[in-house]
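In terms of my numbering, the sequence shown has 369 at position 362, counting the first letter as 1, and numbering is strictly consecutive.
Backbone N, C-alpha and C fix where the C-beta goes; we use that ideal spot for every residue, glycine too.
Below: the structure, in structure tokens.
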Amino acid sequence: MNQGPLNIAPCVVIPVFNHGREIGGTLSRILAHGLPCIVVDDGSDSPTRRILEELRDSHASNVMLLRRESNGGKGAAVMTGLRTARDAGYTHALQIDADGQHDTADVPRFLQAMHRVPTALILGQPVYDDSVPASRRYGRYLTHAWVWVETMSFEIRDSMCGFRLYPLPAVCALIDSVKLGERMDFDIEVLVQLHWRGTKVVMIPTRVTYAADGLSHFDVWRDNLRISRMHAGLVLGMLRRAPMLLARKLTARATTQGWWRAAERGSALGMGFLAWSTRVFGIGFTSLLLHPVVAYFVLTSRTARLASASYLARLARATPHADVPMCRCPAGVRSIGTSCRSLARGFINSSHGEARFRRVASSARHRNCWTNSHSVARAHSCSDRISVALRWYVRWRVTAPCRA
């Protein structure tokens with residue numbers, strides 16, 4: 008077992024259930040990175056058992072084969088592998104599926120992230136090609152949405168990818184003290200539980216492919232029922248922990264770097280949803296949706312909140328007589344929320360948004376930030392106008408430090 012700096016010793020855990028055809032290729036690609044492997048046979052059939060024994064014998068120095076007599080589920084197999092890795096002296100375990108859908112060329116990126124933040128949970132964020140079934144690609148967003156609710160955070164951007172790297176002290180402390188799901192629900196629940204315990208999450212974009220004749224053990228009815236029950240329990244757990252989770256956000260210390268360099272919160276999916284809601288339900292209903300959204304971001308991002316307060320105070324001093332919504336009261340949480348809501352409503356209101364942005368630009372002498380303002384005149388649909396307005400807003404906020 009080779010140990011790197013700070014006694015970091017990673018290994019790989021591969022759960023296997025009847026993947027006799029695929030496991031050979033997956034194992035050879037992993038071993039090319041020089042990592043020891045713990046293969047957990049979760050009650051496979053006889054042909055798969057023979058293949059696994061042959062692979063163990065041919066890679067005796069780098070492969071440990073564990074055998075469970077009966078199939079207990081993916082979660083049970085992974086937990087067996089994690090506990091064995093801890094007992095063998097490893098500090099981190101890279102979990103990867105046996106079916107070959109994950110890109111092992113990204114293993115070095117997971118290891119680099121591990122060395123940068125040894126206590127972090129490193130998660131793969133799938134980048135799909137055309138091989139992924141649409142039902143899987145979009146259906147998983149239902150689970151993602153529940154995880155965002157359960158963690159009160161968007162930190163876990165994908166909760167179902169089986170390509171991930173665990174810090175063994177944290178994950179083994181969890182699985183030894185909390186009863187987790189032992190089948191397909193494990194991959195989701197373990198992330199939520201670790202997040203509740205304060206484990207930092209790092210996302211690594213990674214390519215995922217689906218073979219046309221690939222083997223899947225996901226049972227649509229049983230596993231979806233298990234996952235639904237799991238989410239119900241996690242939501243109740245979140246409600247009990249809500250004060251702690253919210254306090255953690257509100258007391259987070261500002262980082263030394265500017266907030267404008269932080270990772271973007273939200274996504275094009277949210278922008279598209281606003282456009283769709285405006286087209287289907289109208290401006291009034293969509294404006295109501297903005298209130299909880301704005302409240303969430305104002306309350307949960309202390310760094311951005313302080314930066315916004317500072318900027319609003321500077322803008323109020325620079326334009327004391329301007330007709331700008333954000334200058335009407337002292338720069339506090341209330342004024343920041345009012346200002347964000349006013350801006351967001353301006354994005355949605357295609358008839359008044361342009362005039363409002365022009366007033367802000369003119370009164371604050373920010374004409375250099377609005378070189379694309381004429382593009383609104385060419386935007387015929389509401390969604391086009393929203394996209395243009397959002398691009399204005401991003402450019403305006405990113406250049407805020409230059410206007411101090």
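Taking 8 Å as the cut-off, decide whether the C-beta atoms of residue i and residue j are in contact.
i, j, result
"F161", "G82", "no"
"A92", "C18", "yes"
"H202", "I234", "no"
"S166", "L187", "no"
"G107", "T33", "yes"
"G27", "P54", "yes"
"V156", "M245", "yes"
"L59", "I103", "no"
"C179", "P133", "no"
"E189", "M237", "no"
"H66", "L42", "no"
"Y217", "V139", "yes"
"T111", "R36", "yes"
Leaving out five residues before and five after residue i in sequence, what residues of the same chain have Cβ atoms less than 7 Å from its Cβ?
i, result
"R56", "D48"
"N78", "F24, D49, G50"
"I182", "M86, L89"
"T150", "S166, M167, I195, I234"
"S68", "none"
"E2", "A question about residue 2 goes unanswered here, because the residues of the chain that appear run from 8 up to 411."
"R63", "V70, L72"
"I129", "F117, A120, M121, R171, L172, V209, I211"
What is the DSSP secondary structure of residue i, reduced to helix, strand or coil?
i, result
"P176", "helix"
"I15", "coil"
"Y148", "helix"
"V23", "strand"
"R374", "With a pLDDT of 39 at R374, under the threshold of 50, the modelled position of this residue cannot be trusted, and the question is left open."
"A261", "Confidence at A261 is low in this model, with a pLDDT of 43, below 50, so its placement is unreliable and no value can be given for it."
"P125", "coil"
"Q119", "helix"
"H109", "strand"
"V85", "helix"
"V70", "strand"
Can you list, in chain order, the residues of its chain with a C-beta nearer than 8 Å to that of residue i? Leave out the 5 residues immediately preceding and following it.
i, result
"H99", "I15, A16, P17, C18, M121, P125, L172, Y173, P174, L175"
"D113", "G131, F170, I211, T213, R214"
"A127", "A120, M121, P174, T206, K207, V208, V209"
"C409", "Confidence at C409 is low in this model, with a pLDDT of 45, below 50, so the placement of that residue is unreliable and no value is reported for it."
"L73", "I45, V46, V47, D48, T87, G88, T91"
"V242", "W153, V156, E157"
"A177", "T126, L128, L201, R204, T206"
To which residues does DSSP link residue i through a beta bridge?
i, result
"Y97", "In DSSP, Y97 forms no bridge with anything."
"Y135", "V215"
"I30", "DSSP lists no partner for I30."
"R75", "D49"
"Y130", "Note that residue 130 is Leu in the sequence shown here, rather than Tyr. BP columns for L130 point to R171, M210."
"Q102", "V20, R171"
With a 10 Å radius around its C-beta and 16 neighbouring C-beta atoms as the bar for buried, classify residue i as buried or exposed.
i, result
"F117", "buried"
"V85", "buried"
"G88", "buried"
"Y148", "exposed"
"A105", "buried"
"V20", "buried"
"L295", "exposed"
"A152", "exposed"
"P22", "buried"
"A249", "exposed"
"L101", "buried"
Near residue i, what residues of its chain come up, given a Cβ to Cβ distance below 6 Å and the 5 sequence neighbours on each side ignored?
i, result
"N379", "In this predicted model, N379 has a pLDDT of only 42, less than 50, meaning its place in the structure is not dependable enough to derive any value."
"H2", "The chain is shown from 8 up to 411; residue 2 falls before or after that span and cannot be answered."
"R204", "none"
"S284", "T293"
"H109", "I103, F170"
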